[in-house]
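First residue of the sequence shown: 1, per full-length UniProt numbering; consecutive thereafter.
Ideal Cβ placement from N, Cα and C applies to all residues, glycine included.
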Amino acid sequence: SSAILKPPNVPELAASKPMGSRQPRTRQTLCPWKRRHWSHALLVAGLAVPSAGDERFLQAGAPNCTLTRCGNAENICGSFTQPCRVAGRVSSGPDLWIATRLEFRTNYSFKRTESGSLSRRKCERGEPWLETVYEGRFTLQGGSPFINGLSLVSVEIFAVLMTLVTEQVCFQEADGSQRCFDALAAIQALCPCNGWDWTNKGMPRERNIGMFCRPYEQCRLIHETYLEQTQYLSYNATVSRACFTKAATDQGRGWATPKEDACVDKDEPSTCPKGVLTARARPGTQPHWHAGVLAVLAMLACNFGG
Numbered sequence: 001s002s003a004i005l006k007p008p009n010v011p012e013l014a015a016s017k018p019m020g021s022r023q024p025r026t027r028q029t030l031c032p033w034k035r036r037h038w039s040h041a042l043l044v045a046g047l048a049v050p051s052a053g054d055e056r057f058l059q060a061g062a063p064n065c066t067l068t069r070c071g072n073a074e075n076i077c078g079s080f081t082q083p084c085r086v087a088g089r090v091s092s093g094p095d096l097w098i099a100t101r102l103e104f105r106t107n108y109s110f111k112r113t114e115s116g117s118l119s120r121r122k123c124e125r126g127e128p129w130l131e132t133v134y135e136g137r138f139t140l141q142g143g144s145p146f147i148n149g150l151s152l153v154s155v156e157i158f159a160v161l162m163t164l165v166t167e168q169v170c171f172q173e174a175d176g177s178q179r180c181f182d183a184l185a186a187i188q189a190l191c192p193c194n195g196w197d198w199t200n201k202g203m204p205r206e207r208n209i210g211m212f213c214r215p216y217e218q219c220r221l222i223h224e225t226y227l228e229q230t231q232y233l234s235y236n237a238t239v240s241r242a243c244f245t246k247a248a249t250d251q252g253r254g255w256a257t258p259k260e261d262a263c264v265d266k267d268e269p270s271t272c273p274k275g276v277l278t279a280r281a282r283p284g285t286q287p288h289w290h291a292g293v294l295a296v297l298a299m300l301a302c303n304f305g306g
């Protein structure tokens, strides 16, 4: 709720309308899962915001990138920052806000940072209560033989680091009263991590899930969804912008029949080592990246908010 790191195999939990639907959007409530397996519940938030539709992502008359040099591979490198936006809400609770920074580096390393908050003000001030960082390596896989104008890339995640920034999260109800969540107790229940302490005398503590939270049961969500898994997706890119499809853990859904995820402007024009700053920017949709940290936010709020 990866753009690139989208939780796999739970399409039945998505709240979005079919591509191209003109029906009005309704805000997704993120606590219907108490009748479902808990790991599926955690993935709902990452699928909650509707996509804008394939017709804006795909370009009419685009060339077959297996036969023509499209320039995507030269231009995928760069950093992308998506501003704070609502990704859902807790039942009878606050909106869930998230900010995301994505990096495809020139040495082919990959990094995604997700910061979650329970208010727009906190998000815009850079005051999250939970932050998750995904690190790995991406491999360019050539032009797409399935969809003209797109190229293929795979991303392997080697490390996931979670930081509990604050142990208690509070927000104001509509009637003016204050409601708080015990974030520390919640994250300990989600990722016991063999009893390692998530606190640091009131200061944030970063936890490397792969290093401290094995075996699988010590942080089930991260292990089964992201860690040491390869994600497949399609994309197009210019020096100033890139568009990505939703990632999947199988090539069929990530490459052969991909679904649009987001088009995002780069923080500054950039190319990979052999790229040239000459490509034209392509029009695209507004970004709708869906982050894994929102899955954690939603579960914690529902299970520990009363």
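Scanning its chain for C-beta atoms nearer than 6 angstroms, with the 5 sequence neighbours on each side dropped, one finds around PRO145 the residues THR66, in chain order. With respect to the 9 angstroms criterion, SER115 and LYS266 are not classified as neighbours on the basis of their beta carbons.
Contact between ILE209 and MET162 holds, since their C-beta atoms are separated by about 6 angstroms, short of 8 angstroms. Sixteen is the threshold: since fewer than 16 other Cβ atoms of the shown chains lie within 10 Å of the Cβ of ASP175, the residue is exposed.
Straight-line spacing of the CA atoms in CYS180 and PHE171 works out to 6 angstroms.
Here GLN168 is bridged, per DSSP, to ASP182. Counting along the chain, the unbroken beta strand (DSSP E) around LYS111 starts and ends at 109-117. Note that the C-beta distance between GLN59 and GLY149 is below 9 angstroms. In the structure shown, GLY142 falls within a strand segment according to DSSP collapsed to helix, strand and coil. Listed as beta-bridge partners of ILE157 by DSSP are GLY136.
ARG220 is positioned such that its CB atom lies no closer than 9 angstroms to that of ASN194. According to the DSSP secondary-structure assignment, ILE98 is paired through a beta bridge with ARG85 and GLY116.
By the criterion of a C-beta distance shorter than 6 angstroms, SER117 is surrounded in its chain by TRP97, CYS123 and PRO128, once the five residues flanking it on both sides are discounted.
Secondary structure at LYS246: coil, using DSSP grouped into helix, strand and coil.
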